[in-house]
Amino acid sequence: MKIVVAYDGSDGAKQAARASVPIARASDATLLLLHVINPRADLGGIQGSHDEALREATRRAEDEAKAFAADLYDRTEVRVATVERGEDTGETVCRVATDEGAEMLVIATRRAGGLSGFFLGSVTQQLIRHSGCPVMVVRVE
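Everything in the sequence shown is counted per this note's numbering, starting at 61 for the first residue and increasing by one.
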């Protein structure tokens, strides 16, 4: 079994990854922490050419995800994948999950109050609608 965790390095993504560990252990699954680099959103503050900035953002994301994975998973197989140029995060996560043969996707969503509390985040909604496998949504504060 393979579980893909949509991972962006946020506290919420880390909580979602932690929530997937018991499922992975119980089913002897491999976890794939998937970080999609969105060039429009993830390159702020990096100097140099666009290609250089994209490589640097990718390297930083991979290093952080690998450090988190090594810290968290002692008895569960974990891989880290960082996808470049994924301008549509939800679409990219769905594509990679399909390509990897994932049997479950895991994503974090924040609890919102008022009218916004009726809606999930746009990436979460996209995964629920378009994923070819079950999606576990982990609510974080």
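Where is the CB? At the ideal position from N, CA and C, for every residue including glycine.
Starting from the C-beta of residue i, find all residues in its chain whose C-beta is less than 8 Å away, skip the five residues before and the five after it, and write them out in chain order.
i             : result
cysteine 193  : Ala157, Ala162, Glu163, Met164 and Leu165
glutamate 151 : Gln186 and His190
Apart from the five residues just before and just after residue i, which ones in its own chain have a Cβ nearer than 7 Å to its Cβ?
i            : result
threonine 23 : An answer regarding residue 23 cannot be provided, because it is not within the stretch 61 to 201 covered by the chain.
Within the continuous alpha helix (DSSP H) that includes residue i, where are the two ends?
i              : result
isoleucine 83  : 71-86
alanine 168    : From DSSP, alanine 168 is part of no alpha helix (DSSP H) but of the beta strand (DSSP E) over 164-170.
isoleucine 188 : 182-190
glycine 150    : 149-160
alanine 117    : 110-132
Apart from the five residues just before and just after residue i, which ones in its own chain have a Cβ nearer than 6 Å to its Cβ?
i           : result
glycine 181 : Thr169
glycine 105 : Note on glycine 105: pLDDT 49, under 50, position unreliable in the model; the coordinate value appears next. Closer than 6 Å at Cβ, skipping near neighbours: no residue.
Would a C-beta distance cut-off of 7 Å place residue i and residue j closer than the cut-off?
i             : j             : result
alanine 129   : leucine 93    : yes
glutamate 147 : asparagine 98 : yes
threonine 149 : valine 96     : yes
glutamate 112 : glycine 69    : no
Which word fits residue i, buried or exposed, when buried means at least 16 other C-beta atoms lie within 10 angstroms of its C-beta?
i            : result
aspartate 71 : exposed
Along the chain, where does the beta strand (DSSP E) that runs through residue i open and close?
i          : result
alanine 66 : 62-66
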